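Participant: Attaching a single structure in structure tokens format; questions to follow.
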Amino acid sequence: MLRENIFLKIISKTIPVTIIHEDSECLAFNDINPQAPVHILIIPKKEIRTHADLTPEDSSLMGHLHMVATKIAKEMGLEKGYRLVLNCNESGGQTVPHIHMHLLGGRNLGWPPG
Ligand code: AMP
776 MLRENIFLKI
786 ISKTIPVTII
796 HEDSECLAFN
806 DINPQAPVHI
816 LIIPKKEIRT
826 HADLTPEDSS
836 LMGHLHMVAT
846 KIAKEMGLEK
856 GYRLVLNCNE
866 SGGQTVPHIH
876 MHLLGGRNLG
886 WPPG
């Protein structure tokens, strides 16, 4: 079940988080329940509910999120590898209704995911 959009409160700084990166388009912060030594969420400031709600006008924004992920992965020393995860809707494992990219690394990550 998708809960309330807690990430809007994080964007407005109503809820404190450890910010890793911020610019005019996005925010990256540590996940509160890390699944790996590095577990960072990268979110757009634009309100987009799910991956399925993306439109062509979001192409450059989503490209930007990937570039930020690449930059953070380098800064975090994840040369051996990392994983980007984008859960979509309930069957995809999405719990917060604001599109977000997980950056996971710092350990060997198994496949397939659960
Ligand atoms: P997902 O299940 O893909 O929707 O991921 C939502 C993620 O948000 C989970 O990994 C949560 O641990 C994380 N999360 C929820 N609330 C917070 C918070 N206040 N600060 C940081 N991460 C959060």
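Residues 776 to 889 in the working numbering are what the sequence shown spells out, letter by letter.
Note that CB positions come from ideal geometry on N, CA and C, so glycine has one too.
Note that the coordinates shown come from a computational prediction; the quantities given were computed from them, not determined experimentally.
Go through its chain and collect everything with a Cβ distance to Gly868's Cβ below 6 angstroms, but skip five positions before and after it.
Facilitator: Asn862
Participant: Cα-Cα, which of Glu822, Gly881, His875 and Lys849 is closest to Val860?
Facilitator: His875
Participant: Counting only runs that start and end within the stretch 812-858, where is the beta strand (DSSP E) found for 3 or more residues in a row?
Facilitator: 813-819
Participant: With Leu879 as the anchor, note down where its alpha helix (DSSP H) starts and where it stops.
Facilitator: No alpha helix (DSSP H) holds Leu879; the beta strand (DSSP E) holding it covers Met876 to Gly880.
Participant: Between Leu878, Asn883 and Thr870, which has its C-alpha nearest Glu779's C-alpha?
Facilitator: Comparing C-alpha distances from Glu779 to each of Leu878, Asn883 and Thr870 shows the shortest one belongs to Thr870.
Participant: Which residues mark the beginning and the end of the beta strand (DSSP E) in which Ile794 is found?
Facilitator: Ile794 to Glu797
Participant: Just confirm the distance between the C-beta atoms of Gly880 and Val813, as a whole number of angstroms; I'd bet it's less than 8 angstroms.
Facilitator: 4 angstroms between Cβ atoms; contact.
Participant: Provide the residue span of the beta strand (DSSP E) that contains Leu802, from first to last.
Facilitator: Cys801 to Asn805
Participant: Candidates Leu878, Pro791 and Thr789: which alpha carbon is nearest Lys849's?
Facilitator: Per the Cα distances, Leu878.
Participant: For Met851, which residues in the same chain have their Cβ closer than 7 angstroms to its Cβ, ignoring the five residues on either side in sequence?
Facilitator: The beta carbon of Met851 sits closer than 7 angstroms to those of Val813 and Gly880, all from its chain and outside the five residues before and after it, given in chain order.
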